[in-house]
């Protein structure tokens, strides 16, 4: 039974060779393959290596217990006895997809959404909707404060142009900067005709395409993109479980999880030894299948011990194991309770989980009890390889680092507040952007880059060289000092505004 | 026949074991091995693992069609029936090599050049000579503007020294900084005697050695070093096809191709899955041999689809697939037509493809039609895995990013021009170096580091976190803002030059 | 005999299956496993994959010559015929361990120290005690100058806080910043009771735990942590020989060995090809087992040529192959003679190997002859793959880079001295911290980050892009220039201190 679960293709080839072959593809999928195997050989070949191409839902349902990968209660009979091919996803529920179009007799949609995946993987899709990431698009773009930050990065500086500077399409810039990870909003804006080998054909024009951001707004209204992590079209669990996948979005100094991991003991063991590991086991056995955690092991995967006992249940809702949110905001703070953070209001009325003084917007964030539960779920993973005293020691340092980096940020923010008050820079309260001037950018560096890096290094690696000299404490202290000296060296704006001074 | 192409060693061992053995080495190579297998076991062992050590040219010629690796029309009979050993390369055409010397009865040269490799690989060597890289040495060192940039990096700051500061040999510094990648000029400067296990021996002294830069000037007058990518002495196609090879020179923020790739979806798939891939197939089948492109796949390799149809021809002339040059210059611009860029003159008479206002030196750069052809060759690779709408969407963003980063650079350059005009910094027009003062360096950062990074992230990865926070848009905008504030805060040089001010 | 050396487990399983099984574990270890296999499956599974779990010391002693891994003359009979399990290390010599405690009838200690490892690996433990790393804790924390540097990084900036800023425990910060790598001092501070599945149990409380820093001060008074590199509990030679291990501490721009290696030709070959290499051979054969060096190959490992002749003896005392110390100090200088550097006094009486003018504290550093011997040991590794002219050329550039970076540092230090003299910043001589003000931090960047990076890039990679644009020469020159301009733009402190100026 286990062999069936792990090696269904092999099983079927050995015991029922005649059952394998074209007849396992739906007629519609066969038609797709007729052309696309030649036109897009990369997609088709990758898919052929996938589990989707090898197993029918009916077979997947036969797997019992935690080894079962299909999580929906039932699916229609029509789909049960064919493997999951092109048509099974790209023609599913055509009416709900605004990007659906007639294509050689089929109603096809370009963008496969989490709703489509939920046909078979309902539990994971449901968990993911409660994940902060599913709301990554509105959480960023509908937040007035963040909008200032986006402007301070993506608005072009002024030019005196002869000849005129080329046009700049801001939405195209957004799509490949912030929204590459946060997800674009996909909107069908029209239809275009293209000459193909089969003559002229019509295709939908989709603004925001291509995109695989974690909070993508799909043409069917759903949110997210499973292929952000489960890369098309092999959808390999091995890929999703390796740190390279998370690195795509967790790479820069604003959220350097990949870099921190690379310089940690866990990363050391992963990179040195993972060629000997098994990334394909649905129940992932600690110590046996792998000897150091990857991102997925701590945050998502179903882990068991060598006796098959569950250490951690699979979750696609990250906060299950996350008491704190460490990055992206001015201060580290208890993790938000809801995936939609646009509803948060701090004491000053801003849509942020803390105010600029560091006071938390309690009612929108995990309570102490909820944080304890999340911590325990995370620590059960730690304890599989570490004794309690090790884990306690690690956690004490981590909490101290949250406190100390928040204190450093408070110092920087007080300097910034003073600078604003003295009229040396102009924030939103006075009609400016709080993130665009040089002194404001130095302040932004403090929390968005350096404090975040220090906290991630602490949380994921127990500290180390990376969290000190590579974008860490060394940089953090330097930036606060530079802010202090700058503020001290400046005369107040009013005093400055006297005749004879340069404007 | 295919088995012969792919596994010639195996084939020969199975069918003609007696044909394999010492008699396949030339007598000269056997003599080399006699000593050097012990003296330099690393070189010899690596070579023994190579295809060169396993196949004779005569056997290589028997391979038909695209699987054939030897590309010269014919080679002398003398070399045809021995494998490619030490002597075959290091004693070839001795008279043309200024570094040739008498060594135990053989005329040996130290530096194997592209001309030597061309004996068997004439097509690739020919393509490479049309590649910008082949001219990387003079393109850098013979350009008066770049010479200023080199000075601003490699000239030492002044010291008042007692005892005297240690001597600094600038040519040694150049050889391990700019010229490590661009290539040194190898010049035989004399002869030295060394005690060896076989007694005293004479060896040539070669200034600029060692070096494997892409534009190395060899003692035989040829340009380039095949071993820059085809690492000695295994010359493994697997190595050349992996991104680590390109990373040696495309690593820093001036040209962070490796870092961008590492944080891209393509990189994600490569790093996660490449242990399952086949890097040895001469015709590299998309989707089957590999499921995401490496540097070589997009820029160089011969790609076929699963039916063996050519998707992209092999080229060692990068601009075949490159309409634009994105990095290294003040503005992104159409790719130069000729590998030798020292002939370029912009409207202001400088040897640069644009002037400081961004206007292109049209007649030296690819025309619109040539760019279209190059784009189509590149996109045929994209289309093997992506639909047309995906590729079009990607390209539209990429062109916008060229425009928007050029606009940001124009804004910075206008500020810089103003600073020069006001006498706050001194450029080449006034006898200074346009790159050495702090404000000039900030301007250099804008285009040489940040704008380049943004463009590479767009071109290779469709954007993402790396192109924003890791040396990307965030840094670009910050640097332009800092320049603006600096310029605004300064009094003009003339106004400043009044009694009582510090000099 | 060789098969026995390399595959003892296989050998035993084939020839003497009845000898393998539970009876090879000591009774004490069996008791440990009884609970901990379930409680900490990760540790136990990793250990089961280790050589320790597969070989008894008696078997290890049977291996002859350089293949033998056990290096102690003899060990007690009691331990000889059981594999090295939990109890063999964690209950060894209980009286010497301050963290020892009664645990289910056994005297167990948490922290296994180099003294414990020395029971079987006496030679390596002895070498390591002469390694600078063994003294990394006192070398940092007992040096008054370094203490200033630590303060400038880890002391929090001042805040005006209402509500009060959260408490910050400095020792917890130290433990995950500097001391993560340098090693904490482990001190038993008490006992705690914890509820377990077997009821309430007492455990020692150890301040500074967890830690695996190279210079950890252990509860038995010994120094170091073998598991810094020989990761628990698999203790795999493969892991220790791969560069990921060193990266944990040699990662940031203060000592970017990992980053430099990644962008070097050696790194290129390692990353491209190492899946084909053998990392398990005790005698590591150059060219055969591996074709490019890793960190361990150049600095530590026992290397032989294809005839089994020793190229380099194994050493855990790094300076055996290191004539120069390149990083961590103001100037590169001859390597210290003793591991304990706290005894060093420069001409100005400070505990540094040079004074601020660059003059070396000769009597504490390797003599010219000792440096020659160290250079030759290192170069014997180079020569396994490179001809003498290659190695000589490399070394000449490397020495020039030591000189040129020291000269740049001297220029920066002279500017700094001038700034201190003019009262524009306050150093230790005037009761301040020489590293905390912005201009001082810029000076620190010059030597601690950029000059170090340039030297490591030269030493390990022969230069290249990384040593220029990624934290290298480009940054070094920029920082010195910025210091110069800052100093020139400032009025002297005295001149400034006149009525009307802002304080």
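Residue numbers (my numbering), protein chains in the order written: chain B, 1 to 503; chain X, 1001 to 1503; chain Z, 2001 to 2503. Idealized CB from N, CA, C, for every residue including glycine.
Contact between residue 2263/Z and residue 1248/X holds, with the beta-carbon distance rounding to 6 angstroms and staying under 8 angstroms. As the crow flies, the alpha-carbon of residue 2255/Z is around 18 angstroms from that of residue 2404/Z.
Check the Cα spacing between residue 2182/Z and each of 2204/Z, 2047/Z, 2197/Z, 2214/Z: the tightest is with 2214/Z. For residue 1126/X, the enclosing alpha helix (DSSP H) begins and ends at 1122 to 1129. For residue 1165/X, the closest Cβ of chain Z is nearer than 8 angstroms. Residue environment analysis places residue 147/B among the exposed positions, since fewer than 16 neighbouring C-beta atoms fall within 10 angstroms of its C-beta. The beta carbon of residue 44/B sits closer than 7 angstroms to those of 33, 36, 37, all from its chain and outside the five residues before and after it, given in chain order. Less than 8 angstroms separates the beta-carbon of residue 2223/Z from that of residue 2134/Z.
Using a C-beta cut-off of 8 angstroms, the segment 46 to 63 of chain B makes contact with the segment 216 to 236 of chain B, since at least three inter-stretch Cβ pairs fall below that distance. For residue 195/B, the three-state secondary structure derived from DSSP is strand. With a threshold of 8 angstroms between beta carbons, residue 1170/X makes no contact with chain B. Among the residues of the segment 1133 to 1157 of chain X, none has a Cβ less than 8 angstroms away from any Cβ of chain B. Going by DSSP, residue 240/B is part of no beta strand (DSSP E) but of the alpha helix (DSSP H) stretching over 237 to 241.
Comparing alpha-carbon positions, the option among 351/B, 52/B, 114/B, 318/B lying closest to residue 85/B turns out to be 52/B. The C-beta of residue 65/B comes no closer than 8 angstroms to any C-beta of chain Z. Only 1262, 1263, 1264, 1265, 1267, 1268, 1269, 1270, 1271, 1272, 1273, 1275, 1276 from the segment 1262 to 1282 of chain X bring a Cβ to less than 9 angstroms from some Cβ of chain B. Under the three-pair Cβ rule at 8 angstroms, the segment 1349 to 1363 of chain X counts as touching the segment 1320 to 1339 of chain X. The Cβ atoms of residue 1342/X and residue 1138/X sit closer than 8 angstroms to each other. Judged by beta-carbon spacing, residue 277/B lies beyond the 8 angstroms limit of residue 303/B, meaning their Cβ atoms are not closer than that value. Contact residues of the segment 1466 to 1484 of chain X toward chain B are 1466, 1467, 1468, 1469, 1470, 1472, 1473, 1474, 1477, 1478, 1480, 1481, 1482, 1484 (C-beta to C-beta distance below 8 angstroms). Spatial neighbours of residue 192/B in its own chain (CB-CB distance under 6 angstroms, excluding positions within 5 residues in sequence) are listed in chain order as 203, 205. In the DSSP assignment, the residues bridged to residue 202/B are 193/B. Contacts with chain B at 8 angstroms (Cβ-Cβ) do not include residue 2054/Z.
For residue 1087/X, the enclosing alpha helix (DSSP H) begins and ends at 1086 to 1090. For the segment 296 to 316 of chain B, the set of positions with a beta-carbon nearer than 7 angstroms to some beta-carbon of chain Z reads 305, 306, 307 in chain order. With a threshold of 16 other beta carbon atoms within 10 Å, residue 1198/X falls short and is exposed.
A direct Cα-to-Cα measurement between residue 2130/Z and residue 2122/Z gives close to 13 angstroms. Apart from the 5 residues on each side of it in sequence, residue 164/B has no Cβ closer than 7 angstroms to any other Cβ in its chain. Three or more pairs of CB atoms, one per stretch, sit closer than 8 angstroms, so the segment 2319 to 2327 of chain Z contacts the segment 2442 to 2461 of chain Z. For the segment 2148 to 2191 of chain Z, the full-length alpha helix (DSSP H) segments reaching 4 residues or more read 2170 to 2176, 2178 to 2182 along the chain. In this chain, the alpha helix (DSSP H) harbouring residue 2454/Z covers 2452 to 2461. Boundaries for residue 311/B: no alpha helix (DSSP H) harbours it, while the beta strand (DSSP E) harbouring it runs 310 to 312, taken from the DSSP string.
Selection 2329/Z, 2261/Z, 2103/Z evaluated against residue 2200/Z yields 2103/Z as nearest (Cα-Cα). For the segment 1216 to 1246 of chain X, the set of residues with a beta-carbon nearer than 8 angstroms to any beta-carbon of chain Z comprises 1231, 1234, 1236, 1238, 1239, 1242, 1244, 1245, in chain order.
At the C-beta level, residue 166/B and residue 1394/X stay beyond 8 angstroms of one another. Your pair residue 2152/Z and residue 2436/Z checks out as a contact, with CB atoms roughly 4 angstroms apart and the cut at 8 angstroms.
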